[in-house]
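K.L.:
Pasting a structure here, questions to come.
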Amino acid sequence: MPKRIMIVDDANFMRMIVKDTLVPQGFEICGEAANGEEAVKLYQKLKPDLVTMDITMKQKNGLEAAQEILAKDPQARIVMVTALGQEKMLMDSLAIGVKDFVVKPFEAHRIISAVQKALA
Amino acid sequence: MKVNAKYVNPFIEAAMRVVTQIAGIEVRRGHLSYKSKVEPSFGVSIIVGIYGYLVGQVVYSLDTNLATRLVDKLLTGKSPQEKNILFVDTLGEVANMITGNATGLLNQRKDCALKITTPAIATGERLSINLVPKPALVLGLYTQYGPIEISIAVEEQETLDEMAAQDFVLREA
C-alpha cells in the first residue's frame, strides 16, 4: 500500500512541485493544506503517514502547526520544506520533533530521500 | 535610516542561484543605486517583508515579458489557463525562495531567526505602490528575457540595550 503524504504550503505552485516529485516515486498524496490552521485540522482527519510542511504561511505558520500536530500525535512524521534556510529555523524544527529540513528550491532527490528516511 | 550595503550581496547570490536553478535562466549582475523611496520600475512587483533583528521590505520588480517567460518555464506542460491561474502564485513563490535563501545567507546567528512575510503581488504598467517611504538600495539584474530590479529597504532593529545607550530609554511618568 502506498504511503500517504499530506502537503502543506501556501503556494499552489509548490504543492504541485512536491506532488509531481513524490507521486512518480509511488507515494499517494492524500491531502493538501494552504496554511497551518488547515494543516492541523486536516491531519486529524486524514492521519497521513507523513507531512511536508512549509514555514511561512498566514493563519498559523508551519512551525506552530508542526508543534501542534506533534503535541497531539508524537509519532507524526513531518518534514519541513521551506525557503528559510537558517540554522536557527533548522534547530527549532528539530527541537520540536520534525524529522528533516529541506530548503527550497530543492533537487528532486533531496526531498525524495528526506521523505524515504523519515518513513523508514 | 541607512541601508547597509552588506545586505545586498545575499540577495544577489540568492536571486542568481534560485532563478538559474528553477528556471534555467542565466542572471547577470547589474549596477547598484540608491533611492530615497521604493518605486518599482517594471510591470510586475512582488513585496516581501522581513522581520527579526532586521526589519523592512524587499521589492522585486520584473519586466512583464520576463515574468511570463519565468512562469512558462516553471509550469512547463501546464495549459495556458493553468499558467494564467498560477501566474501570481508562482511568482510569489519565486520571490519567497529568493528572500528566504537570502536570509539564510544573511543570518549566521544561532540565537535568532529572520522571518519573512508571505509575498504581496501587484501587476500592471504605471504601477504606484504606497509603501512606507524608506530609502532603498536598488540592485539591477539582467536576463535574456528582461531585467529584474530588487529594492532592499531593511535596517537593523535597535535592541533595548542600544536604545538605552543612546538615551532613548522610556522614563516613568
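Chains A and B supply the protein sequences, listed in that same order.
Residue numbering for the first sequence follows the numbering used here, starting at 537 and increasing by one per position.
Residue numbering for the second sequence follows the numbering used here, starting at 32 and increasing by one per position.
Glycine included, C-beta positions come from ideal geometry on N, C-alpha and C.
#1: Is it true that the CB of B/THR130 sits closer than 8 Å to the CB of B/VAL50?
#2: Under DSSP, the beta strand (DSSP E) around A/THR588 begins and ends at which residues?
#3: List the residues of chain B whose Cβ lies closer than 9 Å to the Cβ of A/GLY621, in chain order.
#4: Based on the DSSP output, what are the partners of B/SER182 in its beta bridges?
#5: Could you compute how far the alpha carbon of B/GLY123 sits from the alpha carbon of A/LEU655?
#6: Considering only residues of the region 540-604 of chain A, which uninterrupted beta strand (DSSP E) runs meet the minimum length of 3 residues and lie entirely inside it, listed in chain order?
#7: Give me the Cα-Cα distance between A/ASP556 and B/VAL75, rounded to the nearest whole angstrom.
#8: Give me, in chain order, the residues of the same chain whose beta-carbon lies closer than 6 Å to that of A/ALA569; leave out the 5 immediate sequence neighbours on both sides.
#9: Against chain B, which members of the region 544-569 of chain A pass a CB distance test of less than 7 Å?
#10: Using beta carbons (cut-off 8 Å, strictly below), is B/GLU57 in contact with chain A?
#11: Around the Cβ of A/ARG551, are there at least 16 other Cβ atoms within 10 angstroms (buried) or fewer (exposed)?
#12: Contact check, A/ALA619 vs B/ASN132 under 8 Å by CB: the rounded distance?
#13: Sort A/LYS624, A/VAL615, A/GLY633 by Cα distance to A/ALA607 and report the nearest one.
#14: Looking at the structure shown, is A/SER629 part of a helix, part of a strand, or coil, going by DSSP?
#15: Could you tell me whether any Cβ in chain B is nearer than 8 Å to the Cβ of A/MET627?
#16: Whole angstroms is fine: what's the gap from B/LEU168's alpha carbon to B/GLU186's?
#17: Show which residues of chain B have a CB atom less than 9 Å away from the CB atom of A/PRO584.
#18: From the DSSP output, in three-state form, read off B/THR148 for me.
#19: Please report how far the alpha carbon of B/TYR84 lies from the alpha carbon of A/PRO538, in whole angstroms.
#20: A/PHE549 and B/LEU117 look like a contact to me (Cβ under 8 Å); what is the Cβ gap, rounded to whole Å?
#21: Hey, which unbroken runs of the alpha helix (DSSP H) at 4 residues or more fall wholly within the region 68-119 of chain B?
#22: Could you tell me which of B/PRO41, B/ASN35, B/ALA54 sits nearest to B/VAL125, measuring between CA atoms?
#23: Take the Cβ of B/SER110 as the centre, count every other Cβ of all protein chains shown within 10 Å, and call the residue buried at 16 or more, exposed below.
#24: Note down, in chain order, every chain B residue with its Cβ under 7 Å from the Cβ of A/THR618.
#25: Verify the CB distance criterion: does B/ALA144 have a CB-CB separation below 8 Å to chain A?
#26: What is the rounded straight-line gap between the Cα of B/ILE77 and the Cα of B/PRO71?
#27: Mind pulling the chain B residues with CB within less than 7 Å of A/PRO641?
P.N.:
On the basis of the data shown:
#1: Result no, Cβ atoms of B/VAL50 and B/THR130 do not sit closer than 8 Å.
#2: From DSSP, the beta strand (DSSP E) with A/THR588 extends over 586-589.
#3: Listed along the chain, the chain B residues whose CB falls inside 9 Å of the CB of A/GLY621 are GLY131, ASN132, THR134, GLY135, LEU136.
#4: According to DSSP, which records beta bridges pairwise, B/SER182 is partnered with B/VAL90, B/VAL169.
#5: The alpha-carbon atoms of B/GLY123 and A/LEU655 are separated by roughly 31 Å.
#6: With a minimum length of 3 residues, the unbroken runs of beta strand (DSSP E) contained wholly in the region 540-604 of chain A fall at 540-544, 564-569, 586-589.
#7: So the two alpha carbons sit approximately 27 Å from each other.
#8: Excluding residues up to 5 positions away in sequence, VAL544, ALA575, LEU578 lie with their Cβ nearer than 6 Å to the Cβ of A/ALA569 in the same chain.
#9: The region 544-569 of chain A vs chain B, Cβ under 7 Å: ASP546, ALA547, ASN548, PHE549, MET550.
#10: The Cβ of B/GLU57 sits no closer than 8 Å to any Cβ of chain A.
#11: For A/ARG551, the number of other beta carbons within 10 angstroms of its own is at least 16, and it is reported as buried.
#12: Rounded, the Cβ-Cβ distance is 6 Å, consistent with contact.
#13: From the listed residues A/LYS624, A/VAL615, A/GLY633, the smallest Cα separation to A/ALA607 is found for A/GLY633.
#14: In the structure shown, A/SER629 sits in a helix (DSSP, three-state: H, G or I).
#15: Taking a beta-carbon distance threshold of 8 Å, A/MET627 counts as an interface residue toward chain B.
#16: Separation of B/LEU168 and B/GLU186 (C-alpha to C-alpha, rounded to the nearest whole angstrom) is 11 Å.
#17: Within chain B, no residue comes near A/PRO584; the closest Cβ sits about 23 Å away, beyond 9 Å.
#18: It is coil, neither helix nor strand.
#19: The straight-line gap from Cα to Cα measures roughly 44 Å.
#20: Confirmed, about 6 Å.
#21: The alpha helix (DSSP H) runs of length 4 or more contained entirely in the region 68-119 of chain B are, from start to end of the chain, 95-105.
#22: Among B/PRO41, B/ASN35, B/ALA54, the Cα nearest to that of B/VAL125 is on B/ALA54.
#23: Exposure of B/SER110 is indicated by the presence of fewer than 16 other C-beta atoms within 10 angstroms of its C-beta.
#24: By Cβ distance, chain B contributes GLY131.
#25: At a cut-off of 8 Å, the C-beta of B/ALA144 has a neighbouring C-beta in chain A.
#26: The alpha-carbon separation between B/ILE77 and B/PRO71 amounts to approximately 9 Å.
#27: Chain B residues near A/PRO641: VAL49, GLN52, ILE53, MET128.
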